[in-house]
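Here is the structure we will look at.
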Amino acid sequence: MNILSADAGRVKGEILVESLHGNAAGGTHGGWLSTIVDVGGSLAIASHGFPSTGVSTDLSVSFLSASGPGHKLEFDAQVLKLGRTLAYTRVDIFSNDKMVATGNHTKFIAKVPRGDEIKN
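So the sequence shown is numbered by the UniProt record's numbering: it starts at 1 and just counts up by one.
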């Protein structure tokens, strides 16, 4: 995974689909795309200065079109809302400017210290 840009609340990156990421039909496995949503959403939360990103409470993914080995996937992960106890993220995954999947990821962050609260 290569991170292309990171700003507060938004991370963009890319990753190459390899044969080990495939399903029985030869496409990209949905579980692997779900992992990109999980990791991408967590990175977007971390971009707000969190040293840890909490625990997942909900993750949903819609698979919109096919991709497979050799395809480069780009992802755009953003924090939709950063509340007191929950963080809501959305991750869109593209291949050649075509949306492959989109997902929402909610994480419980109430007990995670914020960057400015960490004491050494």
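Glycine included, C-beta positions come from ideal geometry on N, C-alpha and C.
Nearest residue (CA-CA) to residue i, options the options
| i | options | result |
| --- | --- | --- |
| Phe50 | Leu86, Thr57, Ser60 | Leu86 |
| Leu82 | Leu64, Gly41, Ser67, Asn96 | Gly41 |
| Ala25 | Asp58, Gly68, Thr106 | Gly68 |
| Leu16 | Phe75, His105, Met99 | Phe75 |
| Leu59 | Ser34, Leu4, Gly13 | Ser34 |
| Tyr88 | Val37, Leu64, Asn96 | Val37 |
| Ser47 | Thr106, Ala8, His71 | Ala8 |
| Phe5 | Ser65, Ala44, Glu18 | For the record, residue 5 in the displayed sequence is Ser; it is not Phe. Of the listed residues, the one whose Cα sits closest to Ser5 is Ala44. |
| Ala77 | Arg10, Ile3, Ala110, Met1 | Arg10 |
| Leu64 | Phe108, Asp92, Val55 | Asp92 |
| Met99 | Ile109, Thr106, Val61 | Val61 |
| residue 121 | Val39, Ala110, Leu73 | The structure shown does not extend to residue 121, since the chain spans only 1 to 120, so no value can be given for it. |
| Arg90 | Asn2, Glu18, Lys12 | Lys12 |
| Ala101 | Ser56, Gly27, Thr53, Ile3 | Gly27 |
| Ser56 | Asn104, Glu18, Ile3, Ala66 | Asn104 |
| Arg84 | Phe108, Phe94, Ala66, Gly70 | Phe108 |
Beta-ladder partner(s) of residue i, from DSSP
| i | result |
| --- | --- |
| His105 | Leu59, Thr89 |
| Asn2 | Glu14 |
| residue 147 | The displayed coordinates of the chain run from 1 to 120. Any statement about residue 147 would go beyond what the structure contains. |
Host beta strand (DSSP E) of residue i (start-end)
| i | result |
| --- | --- |
| Val79 | 72-82 |
Limits of the alpha helix (DSSP H) - the one that residue i falls within
| i | result |
| --- | --- |
| Ala46 | 30-46 |
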